[in-house]
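Visitor: Residue numbers (this note's numbering), protein chains in the order written: chain A, 1 to 425; chain B, 426 to 850.
The beta carbon of each residue, even a glycine, is placed where N, CA and C say it ideally should be.
(1) Give me whichever residues DSSP pairs with residue 653(B) in a beta bridge.
(2) Which same chain residues, not among the five before or five after residue 529(B), have their C-beta less than 8 angstroms away from its C-beta?
(3) Is it the case that the Cβ atoms of residue 123(A) and residue 235(A) are separated by a distance below 9 angstroms?
(4) What does residue 765(B) touch in chain A if you count any residue whose Cβ is under 7 angstroms from its own?
(5) By the DSSP assignment, the alpha helix (DSSP H) with residue 646(B) in it spans what residues?
(6) Ignore the nearest five residues each way along the sequence and tell me which others in residue 518(B)'s own chain have a CB closer than 8 angstroms to its CB.
(7) Taking residue 696(B) and residue 812(B) to be in contact with their CB atoms under 8 angstroms, please state how far apart those CB atoms are, rounded to whole angstroms.
(8) Beta-carbon within less than 6 angstroms of residue 699(B)'s beta-carbon, same chain only, minus the 5 sequence neighbours each way: which residues are those?
(9) Skipping 5 residues on each side, what residues in its chain have a beta carbon closer than 7 angstroms to that of residue 31(A)?
(10) Roughly how many angstroms lie between the CA atoms of residue 116(A) and residue 748(B), to the nearest whole one?
(11) Given this structure, state the Cα-to-Cα distance separating residue 629(B) from residue 637(B), to the nearest angstrom.
(12) To which residues of the same chain is residue 850(B) closer than 8 angstroms at the C-beta, ignoring the five residues directly before and after it?
(13) With burial defined as no fewer than 16 other Cβ atoms inside 10 Å of the residue's Cβ, what is the status of residue 399(A): buried or exposed?
(14) Do you know how far the Cα of residue 768(B) is from the Cα of residue 730(B)?
(15) Hey, residue 193(A) and residue 180(A) are a contact pair by Cβ (cut 8 angstroms); roughly how many whole angstroms apart?
(16) I believe residue 218(A) touches residue 745(B) by the beta-carbon criterion, under 8 angstroms. Please report the beta-carbon distance rounded to the nearest angstrom.
(17) For residue 248(A) and residue 239(A), which I take to be in contact (beta-carbon distance under 8 angstroms), what is that distance rounded to the nearest angstrom?
(18) Under a three-way DSSP split, which group does residue 832(B) fall into?
(19) Would a C-beta distance cut-off of 9 angstroms place residue 622(B) and residue 784(B) closer than the cut-off?
(20) Measure how close the beta-carbons of residue 655(B) and residue 677(B) come, nearest whole angstrom, since I'm counting them as under 8 angstroms.
(21) Quick one: residues in its chain with C-beta nearer than 6 angstroms to the C-beta of residue 351(A), no 5 flanking neighbours on either side, listed in chain order?
(22) Would you mind working out which of 565(B), 598(B), 583(B) sits nearest residue 680(B), comparing C-alpha positions?
(23) Can you pull the chain A residues whose beta carbon is under 8 angstroms from the beta carbon of residue 590(B), in chain order?
(24) To the nearest angstrom, how far is it from the Cα of residue 6(A) to the Cα of residue 21(A)?
(25) In three-state DSSP terms, what is residue 764(B)?
(26) Does any residue of chain A bring its CB to less than 9 angstroms from the CB of residue 602(B)?
(27) What's the call for residue 361(A), buried or exposed, on a 16-neighbour Cβ count within 10 Å?
(28) Closest to residue 52(A) by CA distance: which of 29(A), 45(A), 379(A), 237(A) is it?
(29) Please list the partners that residue 171(A) has in chain B, where partner means a Cβ-to-Cβ separation under 7 angstroms.
(30) Please name the residue or residues paired with residue 245(A) in a DSSP beta bridge.
(31) Could you work out which residues of chain E lie near residue 587(B), taking near to mean beta carbons separated by less than 9 angstroms?
(32) Since residue 112(A) sits in a beta bridge, which residues does DSSP pair it with?
(33) Cα separation between residue 693(B) and residue 797(B)?
(34) Considering just the uninterrupted stretch of the alpha helix (DSSP H) at residue 611(B), what are its terminal residues?
(35) Rank 164(A), 18(A), 370(A), 178(A) by C-alpha distance to the C-alpha of residue 426(A) and give the top, closest one.
(36) Going by the CB atoms, is the gap between residue 90(A) and residue 45(A) shorter than 9 angstroms?
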């Protein structure tokens, strides 16, 4: 269909013209649509049935330009193709952990998908110290399955490259290349940071070892096509409630390093941890929740590693390697060492990418709400300085980590001074 | 044009229908065509003018099946698209070092290109101890320019991924994945080797450290999209004469690790070195030529590294990184360290990939003519055992090499026993 941007009336006509959605709103139903979301890059409508059973769906359509800047800043609508493709692939691999897709339309750059009633974006409940007993299990399953089944460990070379070809996503990659690995660490007009951490920001930008390490992580992000990654898996891309977890917004998806997804998630949990020095003045309450967050970090990694390796053991069809390659005296042990080294390299990447992303949130185009919502700049600076120290060490020390406890210990060590200061006041 | 396989008559009709080639054979000329080459995967014709100035061209057409196996083994004609695209790109980046392209036809899966009169494939003259005074300069220029200008160091992210998308080459990659990194090291019916080295072959196939390292090199080959590599740059893909060098047959081209090209070349020079224990019985002559070959190995790497770094310094437009990123006190030195670490990593890959390829030539589907032409199995086994020892050490010790001398020292150390044995006889 030829592209035209929908509004809250034409979206209903569009729904009717489809002739109804499988297992969801039928064409003849009375419907109403509301535009939600910021409508800057995308239009997002909730379309609801006006009568029982009051079913509802999300219709998301890409705009051909950045609306806030007017039509002068065209953006490619193609990003909706990547979002749609990724959603479909994730539905295939981890069906309960992403919204169901009801309908896609490349010409119109839109997707109609499950409305996640009773779910909320994870960032705010984490600030409110909510706990999600199934989250580590769910998200480790999501990552283990989406990463394993799109890697050379499961796919044949021909299958993997065929899939990779459909996920060459240069413009969205460019956004991460610029805003995660480059601009925050040099003069660039969109950067902003708390003036109280001027010295720390300057120090990062002129730390030779760190700049070199960040450049190496950028090279890895740009070249290491390990698996189909979400590529923006922070706690703002995850919706949760007491029983479920849904990963959304995969428009950045491409074949990149697995550690970038895992690093993004764990780094966001650490930033949330740091935000509680301000958000949770009661020391007992704070410590208890911070321990919960570090347990989450450990659980997510350990469950990921265990599930990933289990999938590997159960599925020996991949290009890397056929079972016959390990068929020699001592081959079982050699294969076990290969798996363990492979996963250890992913952990190094988790630290490297997680560290870069932690740093960029402190001095780039956009922080995270967990921290930007701390009103008092002095209180905010406490969390920010810690994030800079932890992020720097994760990047610089990435190759020495042999377990997730190494990354967690860095968090504890750097927070020790602040802990004791808080305890004394 | 709809595909049909040409023969020596229809090829001339095809040439006439083109209406003449720029700066080459005009449509009206009297022409004759001869089929050359093995005609197994491709048809190769030399088309010549029958009268002065007797110009000639090569017309190369992909067959849709492996001719020797009949039509039962279909192969994708698409490989000609990769060869053509790669030739055009290489002509743009290193114009004197590849055949000129006069005409391409995707529908017919053919390319018409420069006939390299007075050139010969490099393998045989190396066995005949010929020297090529310009070769190190030429081939290092070819590699430095084709690899640098297709990498993230020169291209923007969007440019590079656009180019990468046109070089997703799954079927040809699969051939290298199988025959370089997998099948030679396990039970596979096409493998063949000298029965005299049975023990050594068995030892490689059950050496856990080596198998693990080879699996890691395969993973790197499959995921590390650093630059547009030739991906089959052995001395059988290079034509030479006293003054010129031409790289041919780039149908395996895709975005892979730079070290795979350099490693293939250097490893082939080492295999040629080893072949002279049999081909050149005169000790003085042999030593002199072997020294020449090791000088070549050193020169090629050192000139490559110097030219590559110089291109990097002269062209600061690439995604990795903008000049502003290094604009801080000490930034010049940090950038120098980044370049030097980047090139050091390429050297590690040279050793890793070169070693894998050296091994596979001893126990896989096909050896190299340098060594397979040694008639006496006992003499051949001397070279083969050395290749296995050197290849194994290159792979296993790859990360400790800080200069090309490290790789060369391994060759000298392993050859010492044979040298002295030869000297005593």
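Guide: So, to answer that:
(1) To locate residue 653(B), count along the second chain from 1; it is residue 228. DSSP, once it has assigned bridges, lists 680(B) as partnering residue 653(B).
(2) As a position in the second chain, residue 529(B) is number 104, starting the count at 1. Cβ neighbours of residue 529(B) beyond the five flanking positions: 509, 513, 535, 536, 537.
(3) Residue numbering aside, residue 123(A) sits at position 123 when the first chain is read from its first letter. Residue numbering aside, residue 235(A) sits at position 235 when the first chain is read from its first letter. In this structure, residue 235(A) lies closer than 9 angstroms to residue 123(A) by Cβ.
(4) Here residue 765(B) corresponds to residue number 340 of the second chain, with the count starting at 1. Chain A residues near residue 765(B): none, gap ~10 angstroms exceeds 7 angstroms.
(5) Numbered from its first residue, the second chain carries residue 646(B) at position 221. From DSSP, the alpha helix (DSSP H) with residue 646(B) extends over 633–648.
(6) Residue mapping note: residue 518(B) aligns to position 93 of the second chain, counting from 1. Cβ within range, chain order: 570, 571, 574, 575.
(7) Here the question's residue 696(B) lines up with position 271 in the second chain. Here the question's residue 812(B) lines up with position 387 in the second chain. Confirmed, about 6 angstroms.
(8) Translated into the one-based positions of the second chain, residue 699(B) becomes position 274. Only 808, 811, 812 meet the Cβ criterion.
(9) Translated into positions along the first chain, residue 31(A) becomes position 31. Only 12, 15, 25, 47, 48, 49, 50 meet the Cβ criterion.
(10) Position 116 of the first chain, counted from the start, is the residue given in the question as residue 116(A). Position 323 of the second chain, counted from the start, is the residue given in the question as residue 748(B). Distance between the alpha carbons of residue 116(A) and residue 748(B) is about 45 angstroms.
(11) Within the second chain, residue 629(B) is the residue found at index 204, counting from 1. Within the second chain, residue 637(B) is the residue found at index 212, counting from 1. Approximately 11 angstroms, taken between the alpha carbons.
(12) For the purposes of this step, residue 850(B) is identified with residue 425 of the second chain, where counting begins at 1. Here residue 850(B) scores only 49 on pLDDT, less than 50, and its place in the model is too uncertain to base an answer on.
(13) For the purposes of this step, residue 399(A) is identified with residue 399 of the first chain, where counting begins at 1. Exposed.
(14) Taking the second chain and counting its residues from 1, the one referred to as residue 730(B) is at position 305. Taking the second chain and counting its residues from 1, the one referred to as residue 768(B) is at position 343. For residue 730(B) and residue 768(B), the distance between alpha carbons rounds to 7 angstroms.
(15) Within the first chain, numbered from 1, the residue matching residue 193(A) stands at position 193. Within the first chain, numbered from 1, the residue matching residue 180(A) stands at position 180. Their Cβ separation, rounded to whole angstroms, is 16 angstroms, which puts residue 193(A) and residue 180(A) out of contact at 8 angstroms.
(16) On the first chain, residue 218(A) is found 218 positions in, with the first residue counted as 1. On the second chain, residue 745(B) is found 320 positions in, with the first residue counted as 1. Indeed they touch by this definition, with Cβ atoms about 6 angstroms apart.
(17) Counting from 1 along the first chain, the entry for residue 248(A) is found at position 248. Counting from 1 along the first chain, the entry for residue 239(A) is found at position 239. Indeed they touch by this definition, with Cβ atoms about 6 angstroms apart.
(18) Your numbering for residue 832(B) matches position 407 in the second chain. Looking at residue 832(B) - three-state DSSP - the assignment turns out to be helix.
(19) For this step, residue 622(B) is matched to residue 197 along the second chain. For this step, residue 784(B) is matched to residue 359 along the second chain. In this structure, residue 784(B) does not lie closer than 9 angstroms to residue 622(B) by Cβ.
(20) Here residue 655(B) refers to the residue found at position 230 of the second chain. Here residue 677(B) refers to the residue found at position 252 of the second chain. Yes, they are in contact, since the Cβ atoms of residue 655(B) and residue 677(B) sit about 7 angstroms apart, within 8 angstroms.
(21) Along the first chain, one-based indexing puts residue 351(A) at 351. Within the same chain, residue 351(A) has close Cβ partners 394, 398, 401, 407.
(22) As a working note, residue 680(B) is residue 255 in the second chain. When only C-alpha atoms are compared, the closest one is 598(B).
(23) Along the second chain, read from residue 1 onward, the residue named residue 590(B) stands at position 165. Chain A residues near residue 590(B): 165, 168.
(24) The sequence position of residue 6(A) within the first chain is 6, counting from 1. The sequence position of residue 21(A) within the first chain is 21, counting from 1. For residue 6(A) and residue 21(A), the distance between alpha carbons rounds to 18 angstroms.
(25) Sequence index remark: in the second chain, residue 764(B) carries index 339 (1-based). Here residue 764(B) sits in helix by DSSP.
(26) One-based indexing of the second chain puts residue 602(B) at position 177. Closer than 9 angstroms to some Cβ of chain A, the Cβ of residue 602(B) qualifies, so yes.
(27) For this step, residue 361(A) is matched to residue 361 along the first chain. Flag for residue 361(A) reads buried.
(28) Residue numbering aside, residue 52(A) sits at position 52 when the first chain is read from its first letter. Nearest C-alpha to residue 52(A): 29(A).
(29) Residue numbering aside, residue 171(A) sits at position 171 when the first chain is read from its first letter. Residues of chain B passing the Cβ test: 583.
(30) Locating residue 245(A) in the first chain gives position 245, where the first residue counts as 1. DSSP, once it has assigned bridges, lists 240(A) as partnering residue 245(A).
(31) The structure shown contains no chain E; the protein chains it does contain are A and B.
(32) As a first step, residue 112(A) must be located in the first chain, where it is residue number 112. Paired residue(s): 59(A), 103(A).
(33) Here the question's residue 693(B) lines up with position 268 in the second chain. Here the question's residue 797(B) lines up with position 372 in the second chain. In a straight line, the C-alpha of residue 693(B) is about 13 angstroms away from that of residue 797(B).
(34) Taking the second chain and counting its residues from 1, one reaches residue 611(B) at position 186. Careful: residue 611(B) lies outside any alpha helix (DSSP H) and carries neither H nor E.
(35) The question about residue 426(A) has no answer here: the residues shown for chain A are numbered 1 through 425.
(36) Counting from 1 along the first chain, the entry for residue 45(A) is found at position 45. Counting from 1 along the first chain, the entry for residue 90(A) is found at position 90. Going by C-beta atoms, residue 45(A) is not nearer than 9 angstroms to residue 90(A).
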